[in-house]
Amino acid sequence: MKQVLIYICSIIFLLLLWEVASIAINTINSSSVLPGPYEALSQVVKNGAELQRHFLASAWRLIMAILIALVAAVPLGLVIGHERSVDTFVSPMIYITYPIPQVALILFLFLIFGTGSATKVAIVAIVLFFQILVSARGAAKNITEEHLVSVLSAGANRWQVYRHVIFPATLPNILTSVRVGIGVGIAFLYIAETNTAQGLGLGSFIKRYMLFGRDRAFAGIMAMAFLGLVLYVGIDVLERILCRWKYVKR
Amino acid sequence: MIEADNLTIDYGSSERKLRAVEGVSFRLGQSESLAFIGPSGCGKTTLLFALSGLLTPSKGSVKIGKKQVAGPRRDVALILQNAGLLPWKTVWQNANLSLILSGDYPACNAQDILEELGLGNVKSRFPAELSEGMKRRVGIARALSISPSVLLMDEPLASLDTLTREKIQDLFLTLWKDRGFTLVLVTHDIEEAAFLGQEIIVLTERPACIKARVSNREVGPLDYRQSKAFDRTVKTLREELER
Numbered sequence: 001m002k003q004v005l006i007y008i009c010s011i012i013f014l015l016l017l018w019e020v021a022s023i024a025i026n027t028i029n030s031s032s033v034l035p036g037p038y039e040a041l042s043q044v045v046k047n048g049a050e051l052q053r054h055f056l057a058s059a060w061r062l063i064m065a066i067l068i069a070l071v072a073a074v075p076l077g078l079v080i081g082h083e084r085s086v087d088t089f090v091s092p093m094i095y096i097t098y099p100i101p102q103v104a105l106i107l108f109l110f111l112i113f114g115t116g117s118a119t120k121v122a123i124v125a126i127v128l129f130f131q132i133l134v135s136a137r138g139a140a141k142n143i144t145e146e147h148l149v150s151v152l153s154a155g156a157n158r159w160q161v162y163r164h165v166i167f168p169a170t171l172p173n174i175l176t177s178v179r180v181g182i183g184v185g186i187a188f189l190y191i192a193e194t195n196t197a198q199g200l201g202l203g204s205f206i207k208r209y210m211l212f213g214r215d216r217a218f219a220g221i222m223a224m225a226f227l228g229l230v231l232y233v234g235i236d237v238l239e240r241i242l243c244r245w246k247y248v249k250r
Numbered sequence: 001m002i003e004a005d006n007l008t009i010d011y012g013s014s015e016r017k018l019r020a021v022e023g024v025s026f027r028l029g030q031s032e033s034l035a036f037i038g039p040s041g042c043g044k045t046t047l048l049f050a051l052s053g054l055l056t057p058s059k060g061s062v063k064i065g066k067k068q069v070a071g072p073r074r075d076v077a078l079i080l081q082n083a084g085l086l087p088w089k090t091v092w093q094n095a096n097l098s099l100i101l102s103g104d105y106p107a108c109n110a111q112d113i114l115e116e117l118g119l120g121n122v123k124s125r126f127p128a129e130l131s132e133g134m135k136r137r138v139g140i141a142r143a144l145s146i147s148p149s150v151l152l153m154d155e156p157l158a159s160l161d162t163l164t165r166e167k168i169q170d171l172f173l174t175l176w177k178d179r180g181f182t183l184v185l186v187t188h189d190i191e192e193a194a195f196l197g198q199e200i201i202v203l204t205e206r207p208a209c210i211k212a213r214v215s216n217r218e219v220g221p222l223d224y225r226q227s228k229a230f231d232r233t234v235k236t237l238r239e240e241l242e243r
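Order-wise, the sequence lines are chains A and B.
Residue 97 in our numbering sits at position 97 of the first sequence, and the numbers go up by one each step.
Residue 134 in our numbering sits at position 134 of the second sequence, and the numbers go up by one each step.
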């Protein structure tokens, strides 16, 4: 309960800062450049139904991208982190491909998959894939030796080592990388959604109203922030369930 | 019965070879106990890992019963320095780990063992919620859950306070007498070696070679620490280590 109150206070504080910034910027420019939170919230209420469709489209894409990235990156990251021979072969490929700005791939992906949801999901999944991969690999490299010896001496086979030690030991790091990835993922989703003229998605919604109807555009930005918040809280809840051992009283 | 013949263990490549253990031989009968004692970093843990089948010796061999050890065995339990508990598993899951891995779970006797070791009321807790002494007892419960014929212990009571250490040493002694497994202990604690080892092998600095063998057949009674034989063994071990 206390944590919920702190969350609400934090959000109110942020809205106040936004209001102050809005007043200051609009006074300096003598025009309504930055809508305040009240205007934006009014637009959220007025355009609730439309915004909801865009929100759900973006949320679906982001969640799909997170799931695809997790399924692809976690097993690979754990294997290359734990198996030295695989690491020697695969790591150079990661070092070469990771620094490539993924935004440069957007046009290329549009050419392959068209301008539908698949491309938008793909670009976010690629961004998240590398974040989770690098994190899972690093965490798998730092497994406490004693934990490995513990299961090996009890007769664990290779699969059991992954199941009982490597995966649970690295899970907190993997979830942290997802948390970090959500922010980056939303940014890339916005870029991908604004690169198509039509279609559902908060990116398209924001782009459509950014020039003429800024209040509405900011309602879209608020919806995007809310999407991020929901996912962050979701990951926190998931971590509390899956990594209960981290939260016990010591 | 456990038998090591000319056990030698090297680490590293052939160009940069590091010898950890050299020419260690011993023979230990069923229900007997043996303690290895030597300076820190001399190769005691490496030696124990070879006995458990976790490491393949570069030369020599280890036999348990009449079979050569070629990997971890179902009848050999290993207790590690910090009990080796997995922080994400509960006391119950940690105690049953060997059985879970072998597929024998839940047909197990871990419940009785946990009760016997005073852990019955904490079985749903995580290791982080336990005291150091309780963690060691969970490690013991895990080892006993498979009813081992050989119990290997790698400095199992390191970093515990004196009273807790003595209590758990008493527990080891009682369990060893009651259950009749063969006990091999690695330690750098002279009194621990003297209290638990019927035979004590003193090891040299790395590479670990046998420096001396000390017979200590009076081991068994819980009040052995107060006896003259115990003091004599401690004195002999101290002299051998300083020599």
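Just so it is clear, CB atoms sit at the ideal spot from N, CA and C, and this is done for glycine as well.
Exercise for the section: Note down the Cα distance separating L80 (chain B) from A125 (chain A), rounded to an integer number of angstroms. Expected result: For L80 (chain B) and A125 (chain A), the distance between alpha carbons rounds to 42 Å.
Exercise for the section: With DSSP as the reference, label L151 (chain B) as helix, strand or coil. Expected result: L151 (chain B) falls in the strand class under three-state DSSP.
Problem - Cβ shell of R213 (chain B) (< 6 Å), same chain only, five flanking positions each side left out - result: Cβ within range, chain order: I201.
Handout entry: Interface positions of the region 121 to 147 of chain B facing chain A (Cβ-Cβ less than 7 Å), listed along the chain
Key = Residues are counted here when their Cβ sits less than 7 Å from a Cβ of chain A; for the region 121 to 147 of chain B these are F126, A128, E129, given in chain order.
Exercise for the section: Return no unless some Cβ of chain B is closer than 8 Å to the Cβ of P168 (chain A). Expected result: Output row for P168 (chain A): interface = yes.
Handout entry: Cα-Cα separation between Q111 (chain B) and G120 (chain B), rounded to whole angstroms
Key = Cα to Cα, Q111 (chain B) sits roughly 7 Å from G120 (chain B).
Handout entry: Candidates B:A194, B:C209, B:L151, of which the one nearest M1 (chain B) by Cα
Key = Per the Cα distances, B:L151.
Exercise for the section: Alpha carbon to alpha carbon, how far is G228 (chain A) from T170 (chain A)? Give it in angstroms, no decimals. Expected result: CA-CA distance, T170 (chain A) to G228 (chain A), rounds to 23 Å.
Practice task
Could you tell me whether the Cβ of G41 (chain B) comes closer than 8 Å to any Cβ of chain A?
Solution key: Chain A contact via Cβ: absent.
Problem - Range covered by the beta strand (DSSP E) that runs through N6 (chain B) - result: Element bounds for N6 (chain B): 2 to 11.
Exercise for the section: State yes or no: is the beta carbon of V165 (chain A) nearer than 8 Å to at least one beta carbon in chain B? Expected result: True, the Cβ-Cβ gap to chain B drops below 8 Å.
Problem - Opposing strand residues paired with V234 (chain B) [DSSP bridges] - result: DSSP output for V234 (chain B) lists no bridge partner at all.
Exercise for the section: Could you tell me whether any Cβ in chain B is nearer than 8 Å to the Cβ of V184 (chain A)? Expected result: With 8 Å as the cut-off, V184 (chain A) does not count as an interface residue toward chain B.
Practice task
With 8 Å as the limit, tell me which residues of the region 131 to 156 of chain A have their beta carbon closer than that to any beta carbon of chain B; keep them in chain order.
Solution key: Cβ contacts with chain B come from E146, H147, V149, S150, V151, L152, S153, A154, G155, A156.
Exercise for the section: Reducing DSSP to helix, strand and coil, say where L238 (chain A) ends up. Expected result: Looking at L238 (chain A) - three-state DSSP - the assignment turns out to be helix.
Exercise for the section: Can you check DSSP and say which residues form a bridge with I210 (chain B)? Expected result: Note: I210 (chain B) sits in a beta bridge opposite B:L203.
Handout entry: Cβ-based neighbour list, L160 (chain B), same chain, cut-off 8 Å, excluding 5 preceding and 5 following
Key = If you ignore the 5 residues before and after L160 (chain B), its C-beta comes within less than 8 Å of the C-beta of E132, G133, R136, I168, all in its own chain and listed in chain order.
Problem - Limits of the unbroken beta strand (DSSP E) element including K59 (chain B) - result: In the DSSP assignment, K59 (chain B) falls within the unbroken beta strand (DSSP E) covering 59 to 64.
Handout entry: Per-residue DSSP class, three states only, for S42 (chain A)
Key = Reduced to three states, the DSSP call for S42 (chain A) is helix.
Problem - Residue from B:V186, B:R225, B:S25, B:P207 with nearest C-alpha to F195 (chain B) - result: Considering only alpha carbons, the answer is B:R225.
Handout entry: Three-state secondary structure assigned by DSSP to I79 (chain B)
Key = For I79 (chain B), the secondary structure class from DSSP, reduced to helix, strand or coil, is strand.
Practice task
Classify T187 (chain B) as helix, strand or coil using the three-state DSSP reduction.
Solution key: Look at T187 (chain B) here: in three-state DSSP terms it is strand.
Handout entry: Candidates B:E191, B:L222, B:T45, of which the one nearest K235 (chain B) by Cα
Key = Residue B:E191 holds the alpha-carbon nearest to the alpha-carbon of K235 (chain B) among B:E191, B:L222, B:T45.
Handout entry: Where Q68 (chain B) falls: helix, strand or coil (DSSP)
Key = In the structure shown, the three-state DSSP call for Q68 (chain B) is strand.
Practice task
List the endpoints of the continuous beta strand (DSSP E) containing N158 (chain B).
Solution key: The sequence given here has Ala at residue 158 (chain B), not Asn. Segment: none, A158 (chain B) is in no beta strand (DSSP E) and carries neither H nor E.
Problem - Rounded separation between R217 (chain B) and R206 (chain B) - CA only - result: Here the alpha carbons of R206 (chain B) and R217 (chain B) stand approximately 28 Å from one another.
Problem - Per-residue DSSP class, three states only, for F36 (chain B) - result: Three-state DSSP puts F36 (chain B) in a strand.
Problem - DSSP three-state assignment for F126 (chain B), whether helix, strand or coil - result: DSSP places F126 (chain B) in coil when its eight states are reduced to three.
Practice task
At 8 Å on the CB atoms, spell out the chain B contacts of Q160 (chain A), in chain order.
Solution key: For a Cβ distance threshold of 8 Å, residue set L101 of chain B lies close to Q160 (chain A), ordered along the chain.
Exercise for the section: Counting only the same chain and skipping the five closest in sequence on each side, list residues whose C-beta sits under 7 Å from that of L133 (chain A). Expected result: So the qualifying residues of the chain are A73, L76, G77, I94.
Handout entry: Contact list for the region 54 to 75 of chain B against chain A, Cβ threshold 9 Å
Key = In summary, the residues of the region 54 to 75 of chain B whose CB is separated from some CB of chain A by less than 9 Å are L54, G71, P72, R73, R74, in the order they occur in the chain.
Handout entry: Segment contact flag, the region 176 to 189 of chain B with the region 23 to 34 of chain B, C-beta cutoff 8 Å, min 3 pairs
Key = Below 8 Å, enough C-beta pairs join the region 176 to 189 of chain B and the region 23 to 34 of chain B to call them touching: three or more.
Problem - Collapsed DSSP secondary structure at A154 (chain A) in the structure displayed - result: Note: A154 (chain A) maps to coil in three-state DSSP.
Exercise for the section: Could you check which residue in A:N26, A:V20, A:L56, A:A69 has the C-alpha nearest to that of L175 (chain A)? Expected result: Of the listed residues, the one whose Cα sits closest to L175 (chain A) is A:A69.
Exercise for the section: Using only the heavy atoms of the ligand ADP, determine whether one of them is closer than 7 Å to the beta carbon of M64 (chain A). Expected result: Among the components of this structure there are no ligands whatsoever, and the ligand ADP is therefore not found.
Handout entry: Contact under 8 Å by Cβ, L54 (chain B) with H147 (chain A)
Key = Cβ atoms of L54 (chain B) and H147 (chain A): not closer than 8 Å.
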